[in-house]
Amino acid sequence: MAVLEILEFPDPRLRTKAKPVTDVDDRIRNLVADMFDTMYAAPGIGLAATQVNVHEQVIVIDLTEDRSQPMVFINPEITVLGDETADYEEGCLSVPGYTEPVARPTQVKVKALNEQGESFEMIPEDLLAVCIQHEIDHLQGKLFVDYLSPLKRQRIRSKLEKAHRVGA
Ligand code: GNR
Ligand code: NI
Numbered sequence: 192m193a194v195l196e197i198l199e200f201p202d203p204r205l206r207t208k209a210k211p212v213t214d215v216d217d218r219i220r221n222l223v224a225d226m227f228d229t230m231y232a233a234p235g236i237g238l239a240a241t242q243v244n245v246h247e248q249v250i251v252i253d254l255t256e257d258r259s260q261p262m263v264f265i266n267p268e269i270t271v272l273g274d275e276t277a278d279y280e281e282g283c284l285s286v287p288g289y290t291e292p293v294a295r296p297t298q299v300k301v302k303a304l305n306e307q308g309e310s311f312e313m314i315p316e317d318l319l320a321v322c323i324q325h326e327i328d329h330l331q332g333k334l335f336v337d338y339l340s341p342l343k344r345q346r347i348r349s350k351l352e353k354a355h356r357v358g359a
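Per my numbering, the sequence shown starts with residue 192, numbered consecutively.
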């Protein structure tokens, strides 16, 4: 078990597209354990493997404060079920210190593998629906700042670049 380093925007490695996991084996279960350690330490409610510079399709989520509902999504596939979208004020461990509203579909279905390599489907609601879409975006090399205006994105980029230079 280990707390891993989280890449921060505008690190180009965050733009890498993750590959599907072919074998849900002990190596992947170890990665999942390290990702939970990293997410809980941050703290955050979700983490995609991309953020710890592992470019395989693995996501962990736990929306609870007492860490009681850990969820694992391997090779997730999302289907949008309806036209409705809602704005949610999003943040990201890879964009520390900034939040902005993002509009996303509210009705989605997710199919994935669990830690045992078994397939499951669910219809997430509310914050879970937001978080799963945010994490699947990471696996595709996408960040919530990509939904903002170029001006807002550039301001965040400049401030984080400066913070990285100063070592803040
Ligand atoms: O901890 C997190 N909080 C959060 C809040 C609103 C929308 C999405 C998120 S995910 C984020 C952790 C993270 O960066 N996951 O990739
Ligand atoms: Ni994020």
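The beta carbon of each residue, even a glycine, is placed where N, CA and C say it ideally should be. Note that the coordinates shown come from a computational prediction; the quantities given were computed from them, not determined experimentally.
How many whole angstroms separate the CB atoms of residue i and residue j, which I take to be in contact at a CB cut-off of 8 Å?
{"i": "L351", "j": "F227", "result": "Not confirmed; about 25 Å, so no contact."}
{"i": "V249", "j": "I269", "result": "The pair is not a contact, with the Cβ atoms about 15 Å apart (cut-off 8 Å)."}
{"i": "F335", "j": "E280", "result": "In fact, because the Cβ distance is near 10 Å, the residues do not count as touching under 8 Å."}
{"i": "E306", "j": "V243", "result": "No, E306 and V243 are not in contact; Cβ-Cβ is about 17 Å, not under 8 Å."}
{"i": "T229", "j": "L205", "result": "Rounded, the Cβ-Cβ distance is 15 Å, inconsistent with contact."}
{"i": "G308", "j": "V194", "result": "Incorrect: roughly 26 Å between the Cβ atoms, too far for contact."}
{"i": "D225", "j": "M262", "result": "Contact doesn't hold; Cβ gap of about 16 Å is too wide."}
What residue from the options has the CA that sits closest to residue i's CA?
{"i": "A239", "options": "V223, D317 and L254", "result": "V223"}
{"i": "E256", "options": "N244, H246, A232 and V245", "result": "A232"}
{"i": "R295", "options": "G282, P315 and A320", "result": "A320"}
{"i": "L274", "options": "T297, S285, R258 and K210", "result": "The sequence shown places Asp at residue 274, rather than the Leu named in the question. Per the Cα distances, T297."}
{"i": "D202", "options": "R346, E326, C322 and S285", "result": "S285"}
{"i": "A277", "options": "E326, I347, E316 and G288", "result": "E316"}
{"i": "V212", "options": "L272, R348 and I265", "result": "I265"}
{"i": "A209", "options": "Q345, P267 and K353", "result": "P267"}
{"i": "V271", "options": "A359, S349 and M313", "result": "M313"}
{"i": "A303", "options": "I327, T290, D225 and P292", "result": "I327"}
{"i": "E247", "options": "A354, G332 and S349", "result": "G332"}
{"i": "G235", "options": "I347, V245 and C283", "result": "C283"}
Alpha helix (DSSP H) containing residue i: first to last residue?
{"i": "A227", "result": "Residue identity differs from the one stated: residue 227 is Phe in this sequence, not Ala. Element bounds for F227: D217 to A232."}
{"i": "E352", "result": "P341 to V357"}
{"i": "A240", "result": "Taken as a continuous stretch (DSSP letters only), A240 belongs to no alpha helix (DSSP H), as it is neither H nor E."}
{"i": "E326", "result": "D317 to L330"}
May I ask which residues mark the beginning and end of the beta strand (DSSP E) holding residue i?
{"i": "I269", "result": "M262 to V271"}
{"i": "I250", "result": "V249 to I252"}
{"i": "A209", "result": "Counting along the chain, A209 falls outside any beta strand (DSSP E), and DSSP gives it neither H nor E."}
Does any heavy atom of the ligand GNR sit closer than 7 Å to the C-beta of residue i?
{"i": "L284", "result": "yes"}
{"i": "Q242", "result": "yes"}
{"i": "V263", "result": "no"}
{"i": "Y338", "result": "no"}
{"i": "A209", "result": "no"}
{"i": "G288", "result": "no"}
{"i": "E316", "result": "no"}
Taking all protein chains shown into account, decide if residue i is buried (16 or more other Cβ within 10 angstroms of its Cβ) or exposed.
{"i": "V357", "result": "exposed"}
{"i": "G288", "result": "exposed"}
{"i": "Q324", "result": "buried"}
{"i": "I252", "result": "buried"}
{"i": "L318", "result": "exposed"}
{"i": "L342", "result": "exposed"}
{"i": "D337", "result": "exposed"}
{"i": "R344", "result": "buried"}
Is the closest heavy atom of the ligand NI to the C-beta of residue i under 7 Å?
{"i": "H325", "result": "yes"}
{"i": "E329", "result": "A small correction: the amino acid at residue 329 is His; Glu does not occupy that position in the sequence shown. It does: the Cβ of H329 is within 7 Å (strictly closer) of some heavy atom of the ligand NI."}
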